[in-house]
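A.B. asks:
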Amino acid sequence: MTAPVYICGQEVTVLPYEEVPRVHVGKRLRCELAEHHEGPHHQYAAEIDAPYPTAEWARWSDDTRPEFGVLPDCDTHNGASDDDKAYCVLFEGHPPPCSWVFHDPAREVEGFLADLGISWQE
Ligand SMILES: [Zn+2]
Ligand SMILES: [Zn+2]
Numbered sequence: 010m011t012a013p014v015y016i017c018g019q020e021v022t023v024l025p026y027e028e029v030p031r032v033h034v035g036k037r038l039r040c041e042l043a044e045h046h047e048g049p050h051h052q053y054a055a056e057i058d059a060p061y062p063t064a065e066w067a068r069w070s071d072d073t074r075p076e077f078g079v080l081p082d083c084d085t086h087n088g089a090s091d092d093d094k095a096y097c098v099l100f101e102g103h104p105p106p107c108s109w110v111f112h113d114p115a116r117e118v119e120g121f122l123a124d125l126g127i128s129w130q131e
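Residues in the sequence shown are numbered consecutively from 10, following the numbering used here.
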């Protein structure tokens, strides 16, 4: 048995003067990579339609302000079939592991509350 891997979850505040693209991001960004990853933190920011659907990501390091840019999807899956099949929600070339491997306690709590009919927002 291996120990569970959790989401990085490192947060950064988006300052009012920062050029946030026409996408909607909240006042805080929260890294969606697995904990202890190499390189900058990333959070999915928005889907952009033109010229074809692409994903815009916010990227930042401990000592840099967030930047935004389009990254291709990782697009690998866990090899399971039907209901157990899970696709990675991260971008191509992200630091391992893929998203189905690790846990995001905050999101799991949200899902649990949603199942109970409780909507919880920051
Ligand atoms: Zn991170
Ligand atoms: Zn992946």
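Built from N, CA and C at the ideal position, the CB exists for glycine as well.
Every value quoted in this text rests on a predicted model; they were computed, and no experiment measured them.
Val23 and Lys36 - do their beta-carbons sit closer together than 7 Å?
C.D. replies: Here residue 36 refers to the residue found at position 27 of the sequence shown. Here residue 23 refers to the residue found at position 14 of the sequence shown. For Lys36 and Val23, yes; Cβs fall inside 7 Å.
A.B. asks: May I ask you to list the residues that DSSP assigns as paired with Trp66?
C.D. replies: Start at 1 with the first residue of the sequence shown, and residue 66 comes out as number 57. According to DSSP, which records beta bridges pairwise, Trp66 is partnered with Tyr53 and Gly78.
A.B. asks: Let me check understanding here. Comparing Cα to Cα, which of Ser90, Asp113 and Val34 lies closest to Val98?
C.D. replies: For the purposes of this step, residue 98 is taken as the residue at position 89 of the sequence shown. The candidate whose alpha carbon is nearest that of Val98 is Asp113.
A.B. asks: Quick one: grab the DSSP three-state call for Leu38.
C.D. replies: Mapped onto the sequence shown, residue 38 falls at position 29. Strand.
A.B. asks: Which same chain residues end up closer than 7 Å to His46 when comparing Cβ atoms and leaving out the 5 residues on each side of it in sequence?
C.D. replies: Taking the sequence shown and counting its residues from 1, the one referred to as residue 46 is at position 37. So the list reads Cys17 and Pro104, once near-sequence residues are dropped.
A.B. asks: Out of Asp92, Glu101 and Trp69, which one is the CA nearest neighbour of Gly48?
C.D. replies: By one-based count along the sequence shown, residue 48 stands at place 39. It is Trp69.
A.B. asks: Measuring CA to CA, which of His50, Pro13, Pro106 and Ile127 is closest to Gln19?
C.D. replies: The residue you call residue 19 lines up with position 10 of the sequence shown. Out of His50, Pro13, Pro106 and Ile127, His50 has the C-alpha closest to the C-alpha of Gln19.
A.B. asks: Which word fits Pro75, buried or exposed, when buried means at least 16 other C-beta atoms lie within 10 angstroms of its C-beta?
C.D. replies: For the purposes of this step, residue 75 is taken as the residue at position 66 of the sequence shown. So Pro75 counts as buried.
A.B. asks: In whole angstroms, what separates the C-alpha of Ser128 from that of Thr11?
C.D. replies: On the sequence shown, residue 128 is found 119 positions in, with the first residue counted as 1. On the sequence shown, residue 11 is found 2 positions in, with the first residue counted as 1. Spanning the two alpha carbons is a distance of roughly 33 Å.
A.B. asks: Return the bridge partner residues of Ala89 from the DSSP annotation.
C.D. replies: Along the sequence shown, read from residue 1 onward, the residue named residue 89 stands at position 80. DSSP output for Ala89 lists no bridge partner at all.
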